[in-house]
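So the sequence lines, in the order shown, correspond to chains G and Y.
The first sequence maps to residues 944 to 1196 in this note's numbering.
The second sequence maps to residues 944 to 1196 in this note's numbering.
Protein chains: 2
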Amino acid sequence: MSRQPNLTATLAKGLEVMEALADVEEIGLTELARRLDLTPPTLFRILSTLVAEGYALKTESRYRLSLKPWEIGAKAVRRLRLKDLVRPRAERLSQRSAESAHLAVLQGAGVVIIDKVDAAQPVRVDTYVGQRAPVHCSATGKAILAFLPPERVEAILEAPLQRYTERTICDARKLRKELATAKAEGYAVNRGEWRTDVCAIAVPLQDHANEVVASLSLTLPTVRFTDEAIRTSFLPALREAAAAISADLGRTA
Amino acid sequence: MSRQPNLTATLAKGLEVMEALADVEEIGLTELARRLDLTPPTLFRILSTLVAEGYALKTESRYRLSLKPWEIGAKAVRRLRLKDLVRPRAERLSQRSAESAHLAVLQGAGVVIIDKVDAAQPVRVDTYVGQRAPVHCSATGKAILAFLPPERVEAILEAPLQRYTERTICDARKLRKELATAKAEGYAVNRGEWRTDVCAIAVPLQDHANEVVASLSLTLPTVRFTDEAIRTSFLPALREAAAAISADLGRTA
DNA sequence: TGTCGTATTTCATTATTTGAAATACAGTTT
DNA sequence: AAACTGTATTTCAAATAATGAAATACGACA
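Pasting the structure below:
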């Protein structure tokens, strides 16, 4: 049987297994084999290899993911050098606005949170560092898209825009329009487009060459996302933080 | 040629390539092939697969690691649920002591930093979240070992203890003795045993079942690691933080 | 002790990986 | 502009490593 040319099927399978492990606390061989549609011996060899290489842990015939993928990835994150630069500003931002601040970067067809500062409030949105969000219905994603060169935006908008809520913008034309507005205003918002009840507002972070490298956002429950708060609190705080960070990036990079 | 039984060599190779990518900013096919002793076509197929699966990025015939391993690993880290619990205490700890606080867990034959709070001082030790440290010459590692069941300690001490500085304890007998002291005192120290000029002091974090799950440390330049500071500042602050966290863990888990 | 469900091993078959060589491509040099 | 150099990529027959059915080991429970 001929696969797509020049790819190693075995590696792809192993990576899939690793990803599947990430989604469960712990899992047995047979169940995982069923899920991934692999025969037990095949999966057994793959898991054994993952264990031997330190990617998985085995406890009494059950398997779980180790922290090794995270360790490896941390080297890539560290190389971004963004976190250290942003963290103090993000803390101040979160304090000023009383909401959760997120730092996110574009990654493939989505955005990934690489750092966050939780709001000092009991009612807040559940997110985690490392979390992926769709680019077309998150404030962070839209803030980045708005400042990306058109050809890269179009490459991303080629894929169908998945609907998550009734507010998700799934029409590429509409989205392009909104991105233009975001660019003009300097910020993007998300009003329950990904998860109902969750809103966010984000500004882009630009480096020395004026390239968007990330975005900074405040993410909060819809009930607190009032125009008043946006105008008097969120937006000024975000703009100040972004200006300071972008200036730092200009000096650093 | 017969390999060790029941492992998939191709997957192992692919994982090695991924790890190698983590150690460089960006690399070309030929150079990486030389480093890993793979032929260009083989590496080409592996890299193509990694790119296809989103683990690597390709820019003009050069390859780099993506954030995907980190994303996947973040799910495992999140599942530990430690970070959220520890972060506020670690912040206070860092403030009180004016030094950098680290949260680390045992991971294979080493410890990995899963969260940190930088000291509000200009002179501080360069570390990063995701960083691995040897278990036998880090305060975090020793604090964990000291409270682990003997059979697990012995399994770890089987491997030869690598020397990093002239202060590294490479003798298993000596180390066991020090671990006993650490257990009795409730804390472990590292005096330039891994990196000259870097000292640390750590306490274990125990869960409801009194199992060590992680350790909390202060890491600082040797010049500031005085007995006076340890006694009046570091140790009381660490103990208070650890007690609070362990209590939380007891309630949570 | 026996039965069941799962994990692991075996081994002949088969498909996939492999690398030498051919080719394509990009950047320099003549 | 043509030849040269050092990469990246493709091709394809040979070689090897992955495959899965079936046999076996293991562990839990009756």
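For each residue, glycine too, the CB sits at the ideal point set by N, CA and C.
{"Check": "8 angstroms Cβ cutoff, G1016(G) in contact with chain Y", "Outcome": "yes"}
{"Check": "For I1188(G) and P1065(Y), the rounded distance between their alpha carbons", "Outcome": "19 angstroms"}
{"Check": "V994(Y) - DSSP class collapsed to helix/strand/coil", "Outcome": "helix"}
{"Check": "Whether A1145(G) touches A1082(G) by CB criterion (8 angstroms)", "Outcome": "yes"}
{"Check": "Nonlocal neighbours in the same chain, by C-beta distance under 8 angstroms from V994(Y), ignoring five residues either side", "Outcome": "L1000, K1001 and Y1006"}
{"Check": "Any C-beta of chain Y under 8 angstroms from that of L986(G)", "Outcome": "no"}
{"Check": "Check whether V1132(G) and P1164(G) have beta carbons under 8 angstroms apart", "Outcome": "no"}
{"Check": "Buried versus exposed call for P1147(Y) [16 or more other C-beta atoms within 10 Å across all chains shown]", "Outcome": "buried"}
{"Check": "Per-residue burial, P1103(Y) [other beta carbons within 10 Å of its own, 16 or more giving buried]", "Outcome": "exposed"}
{"Check": "Span of the alpha helix (DSSP H) around P1012(G)", "Outcome": "K1011 to L1023"}
{"Check": "V1020(Y): contacting residues in chain G (beta-carbon distance under 9 angstroms)", "Outcome": "L1010, W1013, Y1071, V1072 and G1073"}
{"Check": "At least three beta-carbon pairs within less than 8 angstroms, the segment 1150-1160 of chain Y to the segment 1108-1122 of chain Y", "Outcome": "no"}
{"Check": "First and last residue of the uninterrupted beta strand (DSSP E) at I1057(Y)", "Outcome": "G1053 to V1060"}
{"Check": "Residue from R1134(Y), D1150(Y) and R1167(Y) with nearest C-alpha to L1028(Y)", "Outcome": "D1150(Y)"}
{"Check": "Under 9 angstroms (Cβ pairs) to chain G, residues found in the segment 974-999 of chain Y", "Outcome": "P984, T985, F987, R988, I989, S991, T992, L993, A995, E996, G997 and Y998"}
{"Check": "Closer than 7 angstroms: R1067(Y) CB and nearest the ligand SAH heavy atom", "Outcome": "Here there are no bound small molecules, and the ligand SAH is not part of this structure."}
{"Check": "Chain-order list of residues whose beta-carbon lies under 6 angstroms from that of Q947(G) (same chain, five-residue window excluded)", "Outcome": "Bear in mind that the predicted position of Q947(G) carries a pLDDT of just 46, short of 50, making it unreliable; the figure below should be weighed with that in mind. Excluding sequence neighbours, Q947(G) sits near nothing in its chain."}
{"Check": "Supposed contact pair L950(Y) and T992(G) - C-beta distance, whole angstroms, cut 8 angstroms", "Outcome": "5 angstroms"}
{"Check": "Same chain, Cβ closer than 6 angstroms to L1036(Y), neighbours up to 5 away in sequence not counted", "Outcome": "A1044, A1180 and A1184"}
{"Check": "Within chain Y, the residues that G957(G) reaches when beta carbons sit closer than 7 angstroms", "Outcome": "T951, L954 and G957"}
{"Check": "Q1050(G) - partner residues in DSSP beta bridges", "Outcome": "G1053(G)"}
{"Check": "Minimum Cβ-Cβ distance from V1055(Y) to chain G less than 8 angstroms", "Outcome": "yes"}
{"Check": "Integer Cβ distance of T1073(G) from I1087(G), believed to fall under 8 angstroms", "Outcome": "Sequence check: residue 1073(G) is Gly here, not Thr. At roughly 17 angstroms, the Cβ-Cβ gap does not stay under 8 angstroms, so G1073(G) and I1087(G) are not in contact."}
{"Check": "Exposed unless 16 or more other CB atoms sit within 10 angstroms - verdict on G957(G)", "Outcome": "buried"}
{"Check": "Residues near S1040(G) by beta carbon distance below 6 angstroms, same chain, minus five either side", "Outcome": "L1161, S1176, F1177 and A1180"}
{"Check": "S1176(Y) in three-state terms, based on DSSP", "Outcome": "helix"}
{"Check": "Which of helix, strand or coil DSSP assigns to C1142(G)", "Outcome": "strand"}
{"Check": "Where H1045(Y) sits in the DSSP three-state scheme", "Outcome": "strand"}
{"Check": "Whole-Å CB distance - P1093(G) paired with P1012(Y), under 8 angstroms assumed", "Outcome": "No, P1093(G) and P1012(Y) are not in contact; Cβ-Cβ is about 31 angstroms, not under 8 angstroms."}
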